[in-house]
Structures are given as C-alpha cells and as structure tokens.
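Here is the structure we will look at, set down as structure tokens.
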Amino acid sequence: MSATPPLLRIDGLGIDLPLDGEPRPIVHRADVVIPEGAAVALVGESGSGKSLTARAVLGLLPAGARLHGDVAFAGESVAGMAPERLRRFRAGEVAMVFQDPRAHINPARSVGDFLIEGLTLTRGVRAADAVRKVTGILREVGIADAERRMRQRPHELSGGLLQRVMIAAALAAEPRLLLADEPTTALDVTTQEEVMAIIAEAREARGLALLFITHDLELAAAVCDRIVVMYAGSTVEELPAGHLRERAAHPYTRALLSSRPSVFEAGADLRSIPGRPLSGFEVPDGCAFSDRCPRVRDRCRSERPAPSAAGDSTAACHFPYTAPAEEAGCHA
Ligand code: SF4
Numbered sequence: 000m001s002a003t004p005p006l007l008r009i010d011g012l013g014i015d016l017p018l019d020g021e022p023r024p025i026v027h028r029a030d031v032v033i034p035e036g037a038a039v040a041l042v043g044e045s046g047s048g049k050s051l052t053a054r055a056v057l058g059l060l061p062a063g064a065r066l067h068g069d070v071a072f073a074g075e076s077v078a079g080m081a082p083e084r085l086r087r088f089r090a091g092e093v094a095m096v097f098q099d100p101r102a103h104i105n106p107a108r109s110v111g112d113f114l115i116e117g118l119t120l121t122r123g124v125r126a127a128d129a130v131r132k133v134t135g136i137l138r139e140v141g142i143a144d145a146e147r148r149m150r151q152r153p154h155e156l157s158g159g160l161l162q163r164v165m166i167a168a169a170l171a172a173e174p175r176l177l178l179a180d181e182p183t184t185a186l187d188v189t190t191q192e193e194v195m196a197i198i199a200e201a202r203e204a205r206g207l208a209l210l211f212i213t214h215d216l217e218l219a220a221a222v223c224d225r226i227v228v229m230y231a232g233s234t235v236e237e238l239p240a241g242h243l244r245e246r247a248a249h250p251y252t253r254a255l256l257s258s259r260p261s262v263f264e265a266g267a268d269l270r271s272i273p274g275r276p277l278s279g280f281e282v283p284d285g286c287a288f289s290d291r292c293p294r295v296r297d298r299c300r301s302e303r304p305a306p307s308a309a310g311d312s313t314a315a316c317h318f319p320y321t322a323p324a325e326e327a328g329c330h331a
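Heads up, the sequence shown is in numbering that gives the first Met the number 0, so the first residue is 0 and it goes up one at a time.
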C-alpha cells in the first residue's frame, strides 16, 4: 500500500529569473515537507529566496521564470495543474497572508466588500451566507465590532487591524495550508504577538497547516514544529524547532542564533554575521556561505555541500557542528 503524500512537498526546487536578458538562478535548491496540520518555518535573510519559494507553491512566479524540481500539494504537482484546477487550488486549498496588507486590498472598496466578494465570486457562496461567515471570522480574529469595520475603507484601519482582516480573508476560504509571508514584520511588537497568536489559535482550531516565511529564527521556533533555514537560494538546514538551540548543525543557523540576543538572556550580546548575504545568482562554485563561515576549509570553496541527514535533521555542510550549541560557543 502506498504511503499518503505530505500536504506539501517542495522537492529540489530551483527558480531562474531573467536578469539582463539571461536566466539567472535565484533559487538553487529548496526542499520543504509539510505534513497535514503541521507548521513549518522557512527562515532566511532578505534575498535568500524564501518568498519566491512560497510563491512557487501558489504557482505565482514572475513572467519568464523557469522552474526545476517540483512542488506537490497532496501529491499533485502544482506546475501540472490545468488553469481551472489551479484557480480552484488558489481559491480554496491554499491561502496567503502577505507582509503588507495594504498592497493586497483595493483601497476604494470597503473591507466588507473585499471579504464578501472573496467568497461570492471565487467560491459561489450566497451573499447573505458570506456576510454571516465573514462576520463570525472577524470576531474570531479579535475584531469585536465586525459590522462597523466591514463598512470602513482600508485606510481607516490600523496596520494590525488590516492584517487581521487579511487573515480573516484567508481563513474564510477554508484552506488546508496557510502561507504567511513575514505577516508581522511591518507591525509593532505588541501587535506582532497578537497577530501570531491569532494565527496559532486559528491553526489549532482548524487543523490548518502553516508555511511561515520569516527572517526571525526565534519567532519561527516559537510558533512552528520544524525549521527550514534558507541561505542564498538554498535550504541549508532542516530540524525540529524544539532542537534548534541545542542541535543546530549548520554554521549559518548557529550564526543566526548568535546574531540576536536571546529573549531568555538579559544583557546578551547582539553579534551580527560578518560579510553580506549573497543572492542566488551570486553564489560561487563551492559553499555559498564560505566567505562568512568561521569553519570554512579549502573543500568548502570548491565543492558545494549537498543536504545530508543526521537523525531527524538535515544539513548541507561539509563540516557541521556536532557538539551542542552552548559547547560550540553559540550564545543564542
Ligand atoms: S560547507 Fe564549509 S563554508 Fe559551508 S557552511 Fe559548512 S563549514 Fe562553512
């Protein structure tokens, strides 16, 4: 009997985009697996390719993009979906919450029109049922005066309230997978915590799977089951969130942990990673992290490391850490 495929499998994904008329690799190799109902974080610095990888899940890549590898949803290749199947997939099985909600809502229409049309036009729900449904979901995401908010225009809502509206729109579609691309980056710290709590509660109540795109490793570990770290267009480490601080093996993951003070350690150092992050198209022949890595050796500069499994983790590194993080001098 064949095993049930995971809800999402990103398998050896590569994405080339046209730059100066030439296809250039932006994503070299991304591997992510999300079982039904699980939460996985894709963590990396700006330009690492994490948002492009998330867009590939929706089949929403820029014109001229070339894809290698595969993205499969419940065993079905997204690239192989016919247009009508792709429309249904985006309307009902996967939903996305973006960093900047104002860029994804019509400023001239009311919040209610935006939410209700999302159901009536794409899912064929009757208008009265759609009103009832979105009112309930707005309350679920912490908007008590839902009727008044639905009459307002987006500019009348704060960034935090508008992000709640976008989460409500995503939940109204009853997806199996929520993609959240830096959903709290533009918000103040208190609102960030509230928005992440709303996402966590909605996940739990609905058995929803989550792909959380973020640059914040500690936030990722707080809300997700597993962590996938991405650098310069490749996923370089994958491990359980609960083991992040003790068992991170890749020097880049350790550097990320050391580059911000722990929320648990008052007065901890804030050490930044030396050098600058590379974009996918700048990657040299060997390891993309070699110019910034404290463990670099000759082999790293000539041979690109392939992902290698150890226990329930995977790291793409020739010389991974094997000692617990504290012993190796990681201050995270
Ligand atoms: S392969 Fe070498 S340079 Fe790259 S992360 Fe590992 S030790 Fe550092």
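Just so you know, even glycine gets a beta-carbon here, dropped at the ideal spot from N, CA and C.
Those residues having their beta-carbon less than 5 Å away from any non-hydrogen atom of the ligand SF4 are, in chain order, Pro250, Cys286, Phe288, Ser289, Cys292, Arg294, Val295, Cys299, Pro304, Cys316, His317, Phe318. A direct Cα-to-Cα measurement between Ala78 and Glu92 gives close to 15 Å. Note on geometry: alpha-carbon atoms of Asp297 and Pro153 lie some 55 Å from one another. Out of Phe288, Val32, Gly46, the CA that lies nearest to the CA of Val56 is found in Val32. A residue is called buried when at least 16 other Cβ atoms come within 10 angstroms of its Cβ; Pro100 meets this threshold and is buried. CA-CA distance, Asp144 to Gly241, rounds to 38 Å. Residue Leu255 holds the alpha-carbon nearest to the alpha-carbon of Val42 among Pro304, Gly111, Leu255, Ala168. A Cβ-Cβ separation of about 36 Å leaves Ala208 out of contact with Glu21 under the 8 Å criterion. Looking at Val194, Tyr230, Thr190, Asp112, the one whose alpha-carbon comes closest to that of Ile272 is Tyr230. The stretch 234-252 and the stretch 289-308 touch, with no fewer than 3 CB-CB distances between them shorter than 8 Å.
Distance from the CA atom of Ala53 to the CA atom of Leu177, rounded to whole angstroms, is 10 Å. Listed in chain order, the non-local C-beta contacts of Arg89 below 7 Å within the same chain comprise Leu57, local neighbours out to five positions each way being set aside. At a cut-off of 3 residues, the continuous stretches assigned as beta strand (DSSP E) that sit fully inside the stretch 48-134 are 65-72, 93-96.
When Val26, Ala40, Asp290, Ala73 are compared, the shortest CA-CA separation from Thr3 is found for Ala73. In the structure shown, Leu12 falls within a strand segment according to DSSP collapsed to helix, strand and coil. Nearest in C-alpha terms to Ala247, of all of Ser312, Gly13, Leu6, is Ser312. Spatial neighbours of Thr321 in its own chain (CB-CB distance under 8 Å, excluding positions within 5 residues in sequence) are listed in chain order as Ala248. Straight through space, the alpha carbons of Asp112 and Arg148 are spaced by roughly 11 Å. Taking C-beta separations shorter than 7 Å and ignoring five residues to either side along the sequence, the partners of Gly206 in its chain run Gly36, following chain order.
Checking the DSSP bridge columns, you'll see Asp180 partnered with Ile212.
With fewer than 16 other Cβ atoms from the protein chains shown falling within 10 Å of its own Cβ, Val188 counts as exposed.
With fewer than 16 other beta carbons inside 10 angstroms of its own, Leu18 counts as exposed. Rounded to the nearest whole angstrom, the C-alpha separation of Ala171 and Ile136 is 7 Å.
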